Each structure stands twice: as structure tokens, then as C-alpha cells.
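Written below as C-alpha cells is the structure these notes are about.
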Amino acid sequence: MKVQDKNYRTIWIKDEDEKVISIIDQRFLPHRFIIEDLHTVSEMVHAIEDMHVRGAGLIGAAAGYGMYLATIEAGNRNSFDHILASADALKATRPTAVNLEWAVNRQLNAIVQGKTANERITIARKMATLIAQEDAEFCRRIGIHGAAIIEQISKRKRGKAVNILTHCNAGWLAFVDYGSATAPIYEAFERGVDLHVWVDETRPRNQGASLTAWELMNQGIPHTVIVDNAGGHLMQHSLVDMVITGADRVTLAGDVANKIGTYLKALAAHDNGIPFYVALPSSTFDWDIHDGVKDIHIEERNPDEVKYIYGLCDNEIKKVLITPLDSPAGNYGFDVTPARLISGLITERGICLANEEHISKMYAENVKEI
Ligand code: MRU
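Just so you know, we're using the numbering used here here: the sequence shown kicks off at 463 and counts up by one.
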């Protein structure tokens, strides 16, 4: 997508050196656009843990490239143990998004086919590229399917602006390109639909205020940043026509783990009869579990993310304490929205209801016989 009219993806193999992975370092957005080069698996592990890269699809792609770096390092040391240890280290970085584990396992299954270090490097490079390409392509298709829903609402409103609320950043920065929740918005906007996006700021890391708003601003899409607690009020006053969020792990029964606060938006949407859609590529399904509340491991992050915020002050990015220094803080990264609150799942194959019957029909090849 565009950054000051130039097209970027969020991760790529550096042109000048194929042993280096380049990323957009998201910690400095929206104030600074910085590209970071990663040379080692431990740099990739740190970049995922510390959220230089983030978002379910992108951390999956980053893990894929991390495994490519692992094969290069293993070649130097002539050891398969390093590949396995790197896989474990990458998987441990962020537990909630299933894409990460999925990408690492996909790489491991491919890499074991290589007989020499060089073969393993070639295989891992191809697989990392494939994972990234697929991620972008799936998001593009999510956009096409989801735009049809926005167009329908627009017709019903006789062309008046469609107001869409979104939470966190499930935009192109959370994937390799296009995004999941934002892809339908970009596509509908391209098709000429009048629309406006309510952007939840999304405490504590403010992915909405700093990332989604920046993306929409760069695409020229009308939007307004709101505090996380404003959604219910806007819904009660008919100022929201639909909600679209992303997902970090979706169970076979259609329960959705997404950024903390998503569940509350779904409850408010349900209470106000507003459609609540979740957009995801199939890499975000966890085919092994049903009950999201019981079975999804919710990441708990450093309490300092709650106690401090970052912002621009005198043209410098500064960190500011906003709680009493000694007050403890809790930092739950995600919550689970039960399937009953979800109007539909927008996937690369089309839209399905959030239940086992419809998900299994759409992805029959992934559903295991019990
Ligand atoms: O903690 P993050 O920023 O990696 O959170 C993931 C997310 O971006 C959201 O939960 C998002 O809505 C999921 S879609 C990739």
C-alpha cells in the first residue's frame, strides 16, 4: 500500500543483500517512517517480541523469514539443531496469533526435505516468499468479498456515507499488504463508495490511533480517531453501520481472539442490532480447538505498556508515565468474542457464518475427522 504515494509491503528480502530481511519498524509510526534491517534469527525474535513488526499475518510472515535466516545460520554452523531451536524461539515470541506457529511449522515441514545446507536455504527462502505472497493475495481477496457487504449497506443508505468502526490495526501494517479488516474498506473506497471509518485508538499500544489512522490518512480515506470507550455511544445514536475487526486466532466453532476490547464492541453492536464482521485469512483458523474462551492462550504483556505512553513532543518521540509510579497494571493483550456475537467471517474464499458447519464447509480439507 501507499506511503507518501510510494508502494510498500511490510516485509521483504533486501534487494542488495539476500541474507537480510527489511521491515517497516512500526514502533515509530506515525511520526517516523523507519526501515529496519534484520540479519539474524535473534534480531527477528526481538523484532516480533518488541513489536517492531506485529499483527497476526505479519508475524506469521516474519516467522517465515526468521526460519529462512535460521537455515543460513545453520549452514554456517552445519547444524539442524539450530533450525529446531530457532523454530522454538520464534514460536515463543507471541502466543496468541496462530499464524506464527502455522508459518514456523510450514517452514519446518519444507526444510526437512533439504539434504544439504544450501538446499535447505533455498527451500526456506522459497517458502518464506510463498507465505508472504499468499498472505498479501488472501488479504486482497478478503477485500473483494468484504467490499460487497459495504456496497449493500451503501445502497440501503442511498449512497450516504457508510460508517464503519474498526478496532486495533488489522490493516496492511498487520499483514504483508492490504490488511484484513481494512481490505474491504480500501476496495469499497476504490469502487467509489462513500464511507467513513471510526478508528478505536486501542489502548495500551494505540495501534488504531497510530497505525490504522496513518494507513487511512495515506490512502486518503475519511476517518476519525475515537477513544476506545466511544463505540457504544456512537452505536446508540445510529452513527455506526457496521463493525469490521481482524482476528488473531479463530476456533472451528467461530470464536474469535482479537485485540483486547473487541469483545466489548461486539456486545455493544449486538445490543444495537449492528452487523459485526471479522475478516481473516485462513492461516488464522486454529483447526484443533472449539471453545475460544477456554482454549485460547491470551498473551499478557509488560505492564509498562499500560503505565507509559509514547508520543511526539518538541519533535522528539518521548515516553511518559500516566499512572502513579507504584500502581500495578495488568496488560492482557487479547480477548475472545464468542461466535454468537459475530454476523460473519470474511475470508479469502468468501463470507461464512461463524459456526462449525459453515466454516467446515468452506475449508473441508482442514477439518479433521474425530
Ligand atoms: O498485538 P498486535 O498489534 O500484534 O495485535 C494483533 C492485531 O493487530 C489485532 O488483534 C488485529 O485486529 C488482528 S488482525 C492481524
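Cβ coordinates follow ideal geometry from the N, Cα and C atoms, glycine included. Note that the structure is predicted; figures quoted are calculated from it, not measured.
Closer than 8 Å: is that where the CB of residue i sits relative to any heavy atom of the ligand MRU?
i    : result
S642 : yes
I521 : yes
D710 : yes
H629 : yes
M513 : yes
L783 : no
G795 : yes
T852 : Nothing can be reported for residue 852, as the shown portion of the chain is limited to 463 through 832.
F637 : yes
A524 : no
R516 : yes
Q669 : yes
K721 : yes
T472 : no
L807 : no
A559 : yes
A632 : yes
L815 : no
T724 : yes
T578 : no
T404 : Outside the displayed span of the chain (463 to 832) sits residue 404, for which this structure offers no information.
T707 : yes
L742 : yes
Along the chain, where does the alpha helix (DSSP H) containing residue i start, and where does it finish?
i    : result
H629 : Premise fails: H629 is in no alpha helix (DSSP H) and is neither H nor E.
K588 : 579-618
L570 : 560-573
A675 : 675-681
M824 : 818-824
L546 : 543-553
K622 : From DSSP, K622 is part of no alpha helix (DSSP H); its letter is neither H nor E.
V755 : 754-757
H695 : 693-698
Grab the span of the beta strand (DSSP E) containing residue i for me, first residue to last.
i    : result
Y648 : Unbroken run through Y648 is the alpha helix (DSSP H), 645-652; no beta strand (DSSP E).
H658 : 657-662
G812 : 812-814
K781 : 778-783
I483 : 483-486
I'd like to confirm the pairing. Which residues does DSSP put opposite residue i in its beta bridges?
i    : result
K721 : F796
Q747 : In the sequence on display, residue 747 carries Phe and not Gln. According to DSSP, which records beta bridges pairwise, F747 is partnered with V712.
Y739 : I706, G806
T686 : W660
L726 : The partner list for L726 (beta bridge, DSSP) is empty, contrary to what the question assumes.
Please state the DSSP three-state secondary structure of residue i.
i    : result
Y772 : strand
L531 : helix
M463 : coil
N469 : strand
L500 : strand
E478 : coil
E761 : coil
L491 : coil
N828 : helix
A791 : coil
D512 : coil
G522 : helix
R539 : helix
D639 : coil
G576 : coil
G670 : helix
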